[in-house]
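Here is the structure we will look at, set down as structure tokens.
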Amino acid sequence: MGAEVVDLNCSKAKYTHVIFDMDGLLLDTERIYTDIMSQVASKYGKTFTWDIKVQLMGQPGKTSSQKAVELMELPIDADQFSAELQVLKNELFKTTNLLPGVEKLVYHLVKHHIPIAVASGSNSKDFITKTSKHAEFFKLFPIIILGDNAEVKQGKPFPDQFLVTLSKFSDAPPAEKCLVFEDSPNGVVAAKAAGMGVVMVPDERLNVEFQHNPTLVLKSLEDFKPEDFGFPPFDE
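So this is what it looks like as structure tokens:
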């Protein structure tokens, strides 16, 4: 696996804090989302395409459902669509696995006392289901800001979620000292709007024009080199 450095100067900056997206970045949920969306869409004779998925990635559930109904021209409203999705979510999200490189990086940051947090568009109910297999792992994150947090007025691609998360660090740094890990175009736009550096680990099918010029693009978190961003290198 390789890495594409999009902005070498920025990637060598010294960061002090880290914020992780969750779906498709820490957890392998995007595959499940695609399956769930496709099942409900096909019930109404519609197809959940990759182009539609890209537009929904990283957005809060309510916003995502509304946009999905509109884009696929479904004969139901967003509330019914969400309800049908929820039935499948309750069953399938319990099987979610961590993605490659996640544990190594997170445990490394914790070991070296690097402040970390999660900023996810997922709602609280789905978060509990998705993380049920990994409850101990997620206890490593002292700060978890979800999409239904009252302080988050607008979801990604707006910067609210990252700015709220940043404010929760006990020693909240300037935004430019915070490095975000994201997989979605909306998340990259949000992180950049917040003034933060952003490492993108996109789906391999995502076209370059939808990457929105992050600081660095990786094929996998396994390729991340902490020392390139001012953090201690991995212990070999």
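In case it helps, the numbering used here puts the sequence shown at residues 236 to 471.
Each residue gets a CB set at the ideal place from its N, CA and C atoms; glycine is no exception.
The C-beta of His348 has fewer than 16 other C-beta atoms within 10 Å across all chains shown, which makes the residue exposed. Secondary structure remark: continuous alpha helix (DSSP H) runs of at least 4 residues inside the stretch 236-302, in chain order: 243-246, 265-278, 285-291. Beta-carbon to beta-carbon, Thr400 and Ile287 are separated by about 28 Å, too far to satisfy the 8 Å threshold. Residue pairing from DSSP leaves Phe397 without any beta-bridge partner. Asn421 sits buried, since 16 or more C-beta atoms from the chains shown fall within 10 Å of its C-beta.
Per DSSP, the unbroken beta strand (DSSP E) holding Val415 starts and ends at 413-417. Between the stretch 417-436 and the stretch 370-384, the count of C-beta pairs closer than 8 Å stays below three; the two stretches do not touch. Nearest Cα to Lys403 within the set Glu457, Gln321, Asn384: Asn384. Here Ala318 is exposed, its C-beta having fewer than 16 other C-beta atoms within 10 Å. Partner residues in a beta bridge of Leu375, as assigned by DSSP, do not exist. In its chain, beyond the 5 residues on either side, Ile254, Ile380, Gln396, Phe397, Thr400 have a beta carbon closer than 6 Å to the beta carbon of Ala354. Following the DSSP letters along the chain, one finds Leu340 inside the alpha helix (DSSP H) bounded by residues 337-346.
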